[in-house]
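Using full-length UniProt numbering, read the sequence shown as starting at 1 and increasing by one per residue. Where is the CB? At the ideal position from N, CA and C, for every residue including glycine.
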Amino acid sequence: MQQTTSISSSGAALHEQGVAALAAQLRARQVSAEELARHFLARAQARQDLAAFLAIDADATLAQARVQDQAIAAGSAGPLAGVPIGHKDVFVTRDFPTTAASRMLAGYRSPFDATIVANLADAGCVTLGKLSCDEFAMGGSNENAAVPAVGLDAAQPVRNPWDTARIPGGSSGGSAAAVAASLVPGATASDTGGSIRQPAALCGITGIKPTYGRASRHGMIAYASSLDQAGVMARTAADCALLLSHLCGPDVERDSTSLDRPAEDFTRQLTGRIDGLRIGVPREFFAEGLQDDVRAAVQAALKEYEKLGATLVDISLPRTDLAVPVYYILSPAEASSNLSRFDGVRYGHRAKDYSDLLDMYKKSRSEAFGEEVKRRIMIGAYVLSEGYYDAYYLQAQRLRRMIADDLQSAFTQCDVIAGPVSPSVAWEIGAKTDPLATYLADIYTLPASLAGLPAMSTPAGFGAHGLPVGLQLIGNHFEEAQLLNVAHALQQATDFHQRRPAGA
C-alpha cells in the first residue's frame, strides 16, 4: 500500500487532524471513513521502523470503515463514526489477533471484543490494528515485547518517534509512539503503575487513566487486577476527553471491579478557565533523582498555571519513596496468580515434548514467557509463600492504604496535584540493564495507581536532546472532567502538544 498525503477541507493533511476534527469532517461527509482508513493504514505501513503495530488487517479495517460510511449516509452514525483508532494488544478483539506481546498467546483470536473496544466501536470508531506493549504489560520501556511487529522478522523494542534510538516508555509504548508519529489520531492504553502517563510524557502527547473501576476490565488481559485500568491517548486533552467519554461506563455484569456509575461527558468542563484552582505541588516529587531539565520544564508549566489564575500550594506526600517497593510487591503477587491460567492446556503455547502434565506446565511456561514476566511471577510467588505473606504482602497492603490516605489528606489542601511524570526524558534503548533502574522511573506515577485515582500526562515542554517532558496531573476520585480541563488550559496557553517529531 503506497503512502499518500490526503488533504482535509481545512488545508491540513488528514493525519494532522485530531479526533474531534476528523469526526466533524466525517459527519459533514468531507472525507469518507474508507478514505481515512486507507490514509492511516498507509502511514502505519510506511513507519514499520517504529515497531508500533503488532497486527494490521487492512481488509478488516476497511470493512469496518464501509459500515461506518453506510451509517453516516443513513443518518444513523455514532458520534465518532469513521474515526480510526488503535488498540493496545492487551484488549481482546474478534477481528484482530491478541497476543499481549507474548509468545504465550502468539496467533490467539478472541471470540469476543473487550468492553472498551465494543464501546468505542458502538460510538463508530474503526480499528486500524493492535499496538505493541511490554509483554503482558510488564515493563516501563517497551523493550519487552516478545513477538515481531508488523513488517519485522523478530521482536524488537518500540522506538520513540522523537529519536528512534530511544525508548517510547512503557508498557503502552506502541500506543504512544503511534499517536506521536501520527499513525493514529487516538489509541487505547492501559495503566497499572504509570503505563499511560509515562509513555505519553516521553512521546510528547496527552494520556489519561480514569478512576479505577470507571472503565471496564472485561476482555483486558490481566496483569495486576487491583491496579489495571484502561485509558486513552491522543494529542490533546480535548480529544482524550471525547474518547474517554465513550470508553467509560458501568459493566457490572461482566466485570466485578466495574463501578455502577453512569457514563459521563468528560468534555463538559473544557472551558480552559482555572481561576482560583488550587494546585498542590508535592515537595517529594522535586527531591533528589529528578533531572534538572525535567525540573525546569515542569516548574515553567506550573508558573504558566499561576499566570492563568491558579494558586500553587506546597504539599507533602511523605510515603512517596515507599510507593516503588509497595507496587513491586503487590503487582507481582497479583501477576503470579493471574498468569497461572497460561499453562498450555486450554489455549496459548504448549511445549512439543514433555513427559507428563507437570512437565508440560513447566516447559510451556518456560518457553513462552519472557524474562521480565518470569521475574515478576517468581517475585509474586515468593511474597505470597508461607512465611513471607505476612512480612511482605500484608505489610505492602497496609502501606498502600497509608499512601492513599496521604493523597486524600493532600486533597483537603488542593484541588489537583501536579508534578513530573518521569525523572528523566526518554533514555536510549538498552541503557538500563538493571531492572531496578527501570522500576525506579515509576516513582511519581505509582502513588495515584495505588490509590485508584485518575491521573494524566500533558506535554509541558522539552528537556535534554530536545526530547519531550510531561506534566502529571492527579485528581481526586471521579474528577476526570476537572483534570482534563486543567490540561486543556495549559494546552490553550502553550503549543507543546502541537509540536511533532520529524515525519509526523
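Asked                                                                                                                                                           : Found
When the Cα atoms are used, what is the spatial distance from Gln2 to Ala77?                                                                                    : Confidence at Gln2 is low in this model, with a pLDDT of 41, below 50, so its placement is unreliable and the value that follows should be read with caution. Looking at the two C-alpha atoms, the distance is approximately 29 Å.
Got a sec, what are the start and stop residues for the alpha helix (DSSP H) Pro325 sits in?                                                                    : 323-338
So what does DSSP say about Thr115, is it helix, strand or coil?                                                                                                : helix
Which class does Ile474 belong to by DSSP, given the choice of helix, strand or coil?                                                                           : strand
By the DSSP assignment, the beta strand (DSSP E) with Ser190 in it spans what residues?                                                                         : 186-191
Whole beta strand (DSSP E) runs in the region 117-183 with 3 or more residues, listed along the chain?                                                          : 126-131
Using CA atoms only, rank isn't needed, just tell me which of His218, Asp292, Ala237 is closest to Ser256.                                                      : His218
Have a look at the DSSP bridge pairing and note the partners of Ser449.                                                                                         : Note: Ser449 sits in no beta bridge, so no partner.
Exposed or buried, which one is Ala181 when buried takes at least 16 other CB atoms within 10 Å?                                                                : buried
Measuring alpha carbon to alpha carbon, tell me which residue in Gly475, Leu14, Arg214, Gly463 is nearest Ser422.                                               : Gly463
Leaving out five residues before and five after Val31 in sequence, what residues of the same chain have Cβ atoms less than 6 Å from its Cβ?                     : Gln25
What do you get for Gly107, buried or exposed, if any count of 16 or more other CB atoms within 10 angstroms of its CB means buried?                            : exposed
Could you tell me the alpha carbon to alpha carbon distance between Thr98 and Leu54, rounded to whole angstroms?                                                : 9 Å
Taking the alpha carbon of Leu440 as the point to measure from, which residue in Phe369, Leu302, Thr320 has its own alpha carbon closest?                       : Thr320
Our contact map puts Ala145 next to Asp134 with C-beta atoms below 8 Å; I'd like the distance itself, whole angstroms only.                                     : 6 Å
Okay, do the region 351-368 and the region 399-407 touch, 3+ Cβ pairs below 8 Å being the bar?                                                                  : no
Can you tell me which residues form a DSSP beta bridge with Met220?                                                                                             : Phe91
With DSSP run on the structure shown, which of helix, strand or coil describes Ala100?                                                                          : coil
CA-CA distance, Val383 and Gln17?                                                                                                                               : 48 Å
Among Tyr212, Ala481, Pro157, Lys352, which residue has its Cα nearest to the Cα of Leu450?                                                                     : Tyr212
Run through DSSP, which three-state label would Asp343 get?                                                                                                     : coil
Leaving out the 5 sequence neighbours to the left and right, which residues in its chain are closer than 7 Å to Ser336 when beta-carbon positions are compared? : Ile377, Gly380, Ala381, Leu384
I'd like the ranges of any alpha helix (DSSP H) spanning at least 4 consecutive residues and lying wholly in the region 386-436.                                : 395-410
Report all residues from its chain with a CB closer than 7 Å to the CB of Gln498; omit the five preceding and five following residues, and keep chain order.    : none
Pair every Cβ in the region 89-104 with every Cβ in the region 237-248, then say whether three or more of these pairs are closer than 8 Å.                      : no
Exposed or buried, what is Lys307 when buried is set at 16 or more other beta-carbons lying within 10 Å of its beta-carbon?                                     : exposed
Would Val126 and Thr61 qualify as a contact pair, given that the criterion is a beta-carbon distance under 8 Å?                                                 : yes
Near Phe478, what residues of its chain come up, given a Cβ to Cβ distance below 8 Å and the 5 sequence neighbours on each side ignored?                        : Thr211, Arg214, Arg261, Pro454
Could you confirm whether any beta carbon from chain B is found closer than 8 Å to the beta carbon of Leu446?                                                   : Protein chains in the displayed structure number just one, and chain B is not present.
Just verifying my parser: in three-state terms, what is the DSSP assignment at Pro199?                                                                          : helix
Terminal residues of the continuous beta strand (DSSP E) containing Phe462?                                                                                     : 455-462
For a quick check, are the C-beta atoms of Arg159 and Ala51 less than 8 Å apart?                                                                                : yes
Please state the DSSP three-state secondary structure of Val83.                                                                                                 : coil
Tell me whether Asp153 is buried or exposed, calling it buried when 16 or more other Cβ atoms sit within 10 Å of its Cβ.                                        : exposed
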